[in-house]
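K.L.:
After the structure tokens below, expect a handful of questions from me.
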Amino acid sequence: MFEQFDALLLARIQFAFTVSFHFIFPAFSIGLASYLAVLEGLWLKTGKTIYLDLFKYWLKIFAIAFAMGVVSGIVMSYQFGTNWSVFSDIAGPVIGPLMAYEVLTAFFLEAGFLGVMLFGMNKVGKKLHFAATLMVALGTFISAFWILSVNSWMQTPVGYEIGASGQYLPGESWWDIVFNPSFPYRLVHTVIAAYLTTAFVVGGVGAWHLLKDRTNAHARKMFSMAMWMATIVAPIQIFAGDMHGLNTLEHQPQKVMAMEGHFESHPDGAPLILFGIPNSEEKRVDYAIEVPKASSLILKHDLNAPLAGLDTIPDDEEPPVGIVFWSFRIMVGIGFAMLGLGLWSLVARFRKKLYDRPMLHRAALVMAPSGFVAVIAGWITTEVGRQPYVIYNLLRTADAASPLDAPAVAASLLAFVVVYFAVFGAGVWYILHLMHKPPHTGEVGVKRGDKGPIRTAGITPGPSQNPGDPDTLPRDHEEATNGR
Numbered sequence: 001m002f003e004q005f006d007a008l009l010l011a012r013i014q015f016a017f018t019v020s021f022h023f024i025f026p027a028f029s030i031g032l033a034s035y036l037a038v039l040e041g042l043w044l045k046t047g048k049t050i051y052l053d054l055f056k057y058w059l060k061i062f063a064i065a066f067a068m069g070v071v072s073g074i075v076m077s078y079q080f081g082t083n084w085s086v087f088s089d090i091a092g093p094v095i096g097p098l099m100a101y102e103v104l105t106a107f108f109l110e111a112g113f114l115g116v117m118l119f120g121m122n123k124v125g126k127k128l129h130f131a132a133t134l135m136v137a138l139g140t141f142i143s144a145f146w147i148l149s150v151n152s153w154m155q156t157p158v159g160y161e162i163g164a165s166g167q168y169l170p171g172e173s174w175w176d177i178v179f180n181p182s183f184p185y186r187l188v189h190t191v192i193a194a195y196l197t198t199a200f201v202v203g204g205v206g207a208w209h210l211l212k213d214r215t216n217a218h219a220r221k222m223f224s225m226a227m228w229m230a231t232i233v234a235p236i237q238i239f240a241g242d243m244h245g246l247n248t249l250e251h252q253p254q255k256v257m258a259m260e261g262h263f264e265s266h267p268d269g270a271p272l273i274l275f276g277i278p279n280s281e282e283k284r285v286d287y288a289i290e291v292p293k294a295s296s297l298i299l300k301h302d303l304n305a306p307l308a309g310l311d312t313i314p315d316d317e318e319p320p321v322g323i324v325f326w327s328f329r330i331m332v333g334i335g336f337a338m339l340g341l342g343l344w345s346l347v348a349r350f351r352k353k354l355y356d357r358p359m360l361h362r363a364a365l366v367m368a369p370s371g372f373v374a375v376i377a378g379w380i381t382t383e384v385g386r387q388p389y390v391i392y393n394l395l396r397t398a399d400a401a402s403p404l405d406a407p408a409v410a411a412s413l414l415a416f417v418v419v420y421f422a423v424f425g426a427g428v429w430y431i432l433h434l435m436h437k438p439p440h441t442g443e444v445g446v447k448r449g450d451k452g453p454i455r456t457a458g459i460t461p462g463p464s465q466n467p468g469d470p471d472t473l474p475r476d477h478e479e480a481t482n483g484r
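Residue numbers (my numbering): 1 to 484.
Right, dumping it as structure tokens:
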């Protein structure tokens, strides 16, 4: 049935599909974990219950998003062995330990403290629970650290040696591999993107409830915090993205050429092509709207600086220009839209109209999913712009795939599509269901089952520090109370 399809293309589509689903959950949970830590810290510092209510409100959403992120991430690891076994064999000595470090540090840290964070607020002291929340937030960052180190090494590979069997082996120092040339820039840019993604989701939920009841104190607080984040962090992200772009120009120039749509070299200053239709066959951008020499100004800080084009790159090493060109513009456009909304909210705040501007609230509601679109567009720019290599300038994607027939890859791809849309569709629906409910005083947070979380047989849970927990009251005291 699928014999006429290309197995390599199907394998690439499968990995793109699964990683796109996966990426949206860490992009949300990384920022949300830190937001929960901020809320709990403010509650402990100020004693205001509004922060505790918001903490419990978002904790339920975090639990679901975190679980879906873990499950969807496991699937990708198996694909390295099934669809990309040649890549795993050749790059395994470098990639494998880095991914193992994520498990040994981030996963273990999160697993050790997540249960306390979700279910332990009435079981441990306030400071210990806050420490658990901080550890979970730290764990999400450490996870991003190792995964982005792996991805960055594939973009800018250094510190390796080639073994007798053709494998890439660690060189003299692991630090050269971990802190490869593009890693610091990619880490900062991606983590800030996760924070902005969370901020706009929080702001969108707050705006939704303000449109229904602008007197809701909890909606006001979350909307205000989110708009502060947009106002302050969006310009920082634009600057971080610019620095990342300069680093990419140095180490992966053909990716930047595709992003800019520069099919030809420009010895006297390159134009900034705002919009157009890349025509790879004719090696030009049709209907281009340009700003003369602006690209040289941005990339070289000199209007007349020369910029090389794709005419200096062999045709079989050019990335797919159309995809990279447009995904880059989607990401940048959303970034400036975020900045615009942040500045709009700042003006409304100074005029003391932050909660009385329905148009602002509607705009924030529309922008709620924008962070997810931006991170996916950025990921497409990064990964497609690296083509035709899976390890830049070392291993081509076509040479990294497993020797599988198209029907085998197609069958697993169809299975993933069906299962992902069913399982994760239900999870996303439930998250939206929780967001639809307004936050209120006395939020209960994550609920346990009738018997509490599952625990190992023979292990007796410790006593609660909540004096009102009936599980900790002596039987005679409970009977006496019920008999009053």
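All C-beta atoms, glycine included, are put in the ideal place defined by N, C-alpha and C.
1. Tell whether a beta-carbon distance below 8 angstroms holds between V321 and G261.
2. Which first and last residues belong to the beta strand (DSSP E) in which A288 is found?
3. Pairing CB atoms from the stretch 63–81 with CB atoms from the stretch 383–400, are three or more of them under 8 angstroms?
4. Which residues in the same chain as A240 place their Cβ atom closer than 8 angstroms to its Cβ, once the five residues preceding and following it in sequence are excluded?
5. Rounded C-beta distance between F5 and N83? I'm assuming under 8 angstroms.
6. For S34, count neighbouring C-beta atoms within 10 Å of its own C-beta (all shown protein chains included) and say buried if the count is 16 or more, exposed if not.
7. How would you write the range of the beta strand (DSSP E) that L276 sits in, first residue to last?
8. Mind the definition here: the stretch 332–346 touches the stretch 401–413 only if three or more C-beta pairs lie below 8 angstroms; say whether that holds.
9. Between which two residues does the alpha helix (DSSP H) containing E102 stretch?
10. Between S412 and N247, what straight-line distance do the alpha-carbon atoms span, to the nearest angstrom?
11. Specify, as a first and last residue, the run of the alpha helix (DSSP H) that E110 falls within.
12. Could you tell me the distance, in whole angstroms, from the CA atom of M259 to the CA atom of A364?
13. Going by Cα to Cα distance, which pick from R357, G245 and V384 is closest to E488?
14. When the Cα atoms are used, what is the spatial distance from L10 to V332?
15. In whole angstroms, what separates the C-alpha of A480 from that of D356?
16. Can you give me the C-alpha to C-alpha distance between H301 and K126, rounded to a whole angstrom?
17. Determine the extent of the beta strand (DSSP E) in which I162 is found, giving its start and end residues.
18. Can I238 and G378 be called in contact, C-beta distance under 8 angstroms?
19. Would you kindly work out how many angstroms separate the C-alpha atoms of H218 and I330, rounded to a whole number?
20. For Y101, collect the residues of the same chain with a Cβ closer than 7 angstroms to its Cβ; drop the 5 residues on either side in sequence, then sort them by chain order.
21. Within a Cβ cutoff of 8 angstroms, which residues of the same chain sit near Y160, ignoring the five residues on either side of it in sequence?
22. Between which two residues does the beta strand (DSSP E) harbouring I391 extend?
23. Can you tell which of L8, R284, I61 and A294 has the C-alpha that lies nearest to the C-alpha of A435?
24. Apart from the five residues on each side of it in sequence, which residues of its chain come closer than 7 angstroms, Cβ to Cβ, to G120?
25. Which runs of the beta strand (DSSP E) at least 3 residues long sit entirely within the stretch 316–364? Give them in chain order.
26. Per DSSP, Y78 is paired with what?
27. Which partner residues does Y51 have in the DSSP bridge list?
28. Could you name the residues of the same chain whose beta carbon sits closer than 6 angstroms to that of I43, not counting the 5 residues immediately before and after it, in chain order?
29. Can you tell me whether V375 is buried or exposed? The criterion is at least 16 other CB atoms within 10 Å of its CB, across all chains shown.
30. Note the first and the last residue of the continuous alpha helix (DSSP H) segment covering S32.
31. In terms of residue numbering, what span does the beta strand (DSSP E) encompassing L169 cover?
32. Can you tell me which of the three DSSP states L211 falls into?
33. Helix, strand or coil: which one does DSSP assign to L395?
34. Please say whether F416 and T18 have beta carbons closer to each other than 8 angstroms?
35. Can you tell me whether DSSP reads L432 as helix, strand or coil?
P.N.:
In short, the structure shows the following:
1. Going by C-beta atoms, V321 is nearer than 8 angstroms to G261.
2. According to the DSSP assignment, A288 belongs to the beta strand (DSSP E) that extends over R284 to V291.
3. Judged by Cβ distances under 8 angstroms, the stretch 63–81 makes no contact with the stretch 383–400, as fewer than three pairs qualify.
4. Result list for A240: Y185, V188, H189 and I192, in chain order.
5. Not a contact, Cβ separation roughly 14 angstroms.
6. Buried: at least 16 other Cβ atoms inside 10 Å.
7. For clarity, residue 276 is Gly in the given sequence; the question names Leu instead. Counting along the chain, the beta strand (DSSP E) containing G276 begins and ends at L272 to N279.
8. No, the stretch 332–346 does not touch the stretch 401–413.
9. According to the DSSP assignment, E102 belongs to the alpha helix (DSSP H) that extends over S85 to E102.
10. The C-alpha of N247 is placed about 37 angstroms away from the C-alpha of S412.
11. Counting along the chain, the alpha helix (DSSP H) containing E110 begins and ends at F108 to F119.
12. So the alpha carbons of these two residues sit roughly 28 angstroms apart.
13. Nothing in the structure corresponds to residue 488, since the chain is present only between 1 and 484.
14. Their Cα atoms are separated by approximately 29 angstroms.
15. Note that A480 scores 43 on pLDDT, short of 50, meaning its location in the model is unreliable; the coordinates nonetheless yield the value given after this. Answer to the nearest angstrom: the Cα atoms are 53 angstroms apart.
16. Cα to Cα, H301 sits roughly 52 angstroms from K126.
17. That run of the beta strand (DSSP E) goes Y160 to I162.
18. No, the pair does not count as a contact, with Cβ atoms beyond the cut-off.
19. Taking the straight line from one Cα to the other gives about 32 angstroms.
20. If you ignore the 5 residues before and after Y101, its C-beta comes within less than 7 angstroms of the C-beta of W146, all in its own chain and listed in chain order.
21. Excluding residues within five positions, the ones whose Cβ falls inside 8 angstroms are V94, Y168, L169, P170, G171 and I177.
22. I391 -> beta strand (DSSP E) spans Y389 to I391.
23. According to the sequence as given, residue 435 is Met; it is not Ala. Of the listed residues, the one whose Cα sits closest to M435 is I61.
24. Contacts found: H129 and A132.
25. Entirely contained in the stretch 316–364, not one beta strand (DSSP E) run reaches 3 residues.
26. Beta-bridge analysis with DSSP links Y78 to no other residue.
27. According to DSSP, Y51 bridges with nothing at all.
28. It is Trp, not Ile, that sits at residue 43 in the sequence shown. Once the five neighbours on either side are set aside, the close Cβ partners of W43 are Y51 and L52.
29. A residue is called buried when at least 16 other Cβ atoms come within 10 angstroms of its Cβ; V375 meets this threshold and is buried.
30. A small fix is needed here, since residue 32 is Leu in this sequence, not Ser. Its alpha helix (DSSP H) spans residues A7 to T46.
31. Taken as a continuous stretch (DSSP letters only), the beta strand (DSSP E) holding L169 covers Y168 to P170.
32. Reduced to three states, the DSSP call for L211 is helix.
33. Residue state, collapsed to three classes: strand.
34. Yes, they are a contact pair.
35. Helix at L432.
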